[in-house]
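K.L.:
In my numbering, the protein residues as written are 161 to 345.
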Amino acid sequence: MNDKYNDYELLYLISEGSEEAEEIIYMKYSPLIKKRVNAFRIQSRYRDDFYQEGLMCLNEAIKSFDDHYNKSFNKFFDMILQRRFIALLKKDQDYFYGVTLVEDYNHLIDRLEEERKIEYESTYLRIEDYKEELDINCDNLKDKIKILMDKNIKARDIALLLSCDVKKVYNEVYLLKNKTNEENN
161 MNDKYNDYEL LYLISEGSEE AEEIIYMKYS PLIKKRVNAF RIQSRYRDDF
211 YQEGLMCLNE AIKSFDDHYN KSFNKFFDMI LQRRFIALLK KDQDYFYGVT
261 LVEDYNHLID RLEEERKIEY ESTYLRIEDY KEELDINCDN LKDKIKILMD
311 KNIKARDIAL LLSCDVKKVY NEVYLLKNKT NEENN
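1) Between the Cα of CYS217 and those of GLU169, ARG205, GLN203, ALA247, spot the shortest distance and give me the residue it belongs to.
2) Give me the Cα-Cα distance between GLU183 and ILE222, rounded to the nearest whole angstrom.
3) Tell me the residue span of the alpha helix (DSSP H) that contains ILE307.
4) Nearest to LYS164 by alpha carbon, out of SER175, ARG243, ILE185, GLU176?
5) Select from VAL333, LYS231, ILE202, ASP227 the residue whose C-alpha is nearest the C-alpha of ASP310.
6) Report the rounded CA-to-CA distance for ARG243 versus VAL197, giving the unit in angstroms.
7) Is it true that the CB of PHE236 sits closer than 8 Å to the CB of PHE210?
8) Please determine, among TYR168, SER204, LYS195, ARG201, the residue with the shortest C-alpha to C-alpha distance to LEU215.
9) My understanding is that LEU171 touches PHE233, with C-beta atoms under 8 Å, so please give their C-beta distance in whole angstroms.
10) Let's test the definition: count the other Cβ atoms within 10 Å of the Cβ of THR260 and tell me whether it reaches 16, buried, or not, exposed.
In structure tokens form, the structure reads like this:
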């Protein structure tokens, strides 16, 4: 019976009192609940509790779902589930681990800046190899971007090195690809 019915049919059968349809929908959405528990990095001792919370969310979603809002039941349930998990995690931080909280954002910013500095320095060293070529062959930004892209340097790195917006680099790459495609056709 599991493959015979979609969510809307199962919800209708549940509203008509079908226990079999209710069992099917619980089996169908059990993997999603487990996936969300893993995604939220819940400690193993609390996983069963969060799984039970997920089943209660599923029951709530079954009772309150209205298909007139142009949202699938899957998305509706997933939204309720994630909101419940977030609310629980805000109340008690002992449930999870390995997640940087907003209160500790200064440490996070320092770490990100350090990573960005290391990344910039490593990219800068690679660019030094091409500096002569860039100075000799290029007058404008477009030509510099083309040379660096030909050397397999990432767009984000090019933007850092040429002190321009990464969107500008992506736009130039797009234009270059279109020009190449037009020439080949």
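Every residue, glycine too, gets a C-beta built ideally from N, C-alpha and C.
P.N.:
Taking the structure as given:
1) Position 57 of the sequence shown holds residue 217. Checking every option, the nearest Cα to that of CYS217 belongs to ALA247.
2) Looking up residue 183 in the sequence shown gives position 23. Looking up residue 222 in the sequence shown gives position 62. Those two C-alpha atoms are separated by around 12 Å.
3) On the sequence shown, residue 307 is found 147 positions in, with the first residue counted as 1. 301-310 is the span of the alpha helix (DSSP H), which, as asked, contains ILE307.
4) Taking the first residue of the sequence shown as position 1, residue 164 is located at position 4. Residue nearest to LYS164 within the set SER175, ARG243, ILE185, GLU176 is ILE185 (criterion: CA-CA distance).
5) Position 150 of the sequence shown, counted from the first residue, corresponds to residue 310. Nearest of VAL333, LYS231, ILE202, ASP227 to ASP310, Cα basis: VAL333.
6) For the purposes of this step, residue 243 is identified with residue 83 of the sequence shown, where counting begins at 1. For the purposes of this step, residue 197 is identified with residue 37 of the sequence shown, where counting begins at 1. Whole-angstrom Cα-Cα distance: 12 Å.
7) Start at 1 with the first residue of the sequence shown, and residue 210 comes out as number 50. Start at 1 with the first residue of the sequence shown, and residue 236 comes out as number 76. Contact flag unset, no.
8) To locate residue 215, count along the sequence shown from 1; it is residue 55. It is LYS195.
9) Within the sequence shown, the letter at position 11 stands for residue 171. Within the sequence shown, the letter at position 73 stands for residue 233. With 8 Å as the limit, LEU171 and PHE233 qualify as a contact, their Cβ atoms being about 7 Å apart.
10) By 1-based counting over the sequence shown, the position of residue 260 is 100. The predicted model places THR260 with a pLDDT of 46, which falls under 50 and marks its position as unreliable, so this point remains unresolved.
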